[in-house]
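Enquirer: Numbers in the numbering used here are just positions in the sequence shown, counted from 1, shifted up by 17. Sharing a structure, written as structure tokens. Questions coming.
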Amino acid sequence: AGTGEKDNETAWEFEARNLFPVGTITEDPATGSAAAAVGAYLRDTGLLEAPATLTIHQGRHVGRLSLLRVDIPAEGGITVSGTASLIA
């Protein structure tokens with residue numbers, strides 16, 4: 018993980034994995050609900066100063082690269098957007 022400055026916001030970058038050993042899908046390539054929860058946790062515990070943006074890379078280990086952007090305002094709702102790989 019790393020941090021950087023962008024337009025008076027703090028930018029954080031992570032690589033995440035969401036393992037699911039039960040079932041036919043062993044790992045989730047993009048987990049928006051977890052990304053939002055991490056953003057809320059970091060803001061609510063004071064570990065980051067909002068407004069901030071998280072960039073989360075996920076899915077590399079299953080060959081389905083995804084990029085999630087988590088926008089964290091000082092107050093109110095957190096927004097998750099990004100790209101993911103289609104399942105054929």
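All C-beta atoms, glycine included, are put in the ideal place defined by N, C-alpha and C.
Use the C-beta contact count for L85: other C-beta atoms within 10 angstroms, 16 or more gives buried, fewer gives exposed.
Expert: buried
Enquirer: Please list the terminal residues of the continuous beta strand (DSSP E) segment that includes L59.
Expert: Element bounds for L59: not the beta strand (DSSP E) but the alpha helix (DSSP H), G49 to D61.
Enquirer: Would you kindly report the start and end of the unbroken beta strand (DSSP E) that includes T96?
Expert: T96 to T100
Enquirer: At the level of alpha carbons, what is the spacing between T48 and E66?
Expert: 23 Å
Enquirer: Using only the alpha-carbon positions, how far apart do T100 and I42 sit?
Expert: 19 Å
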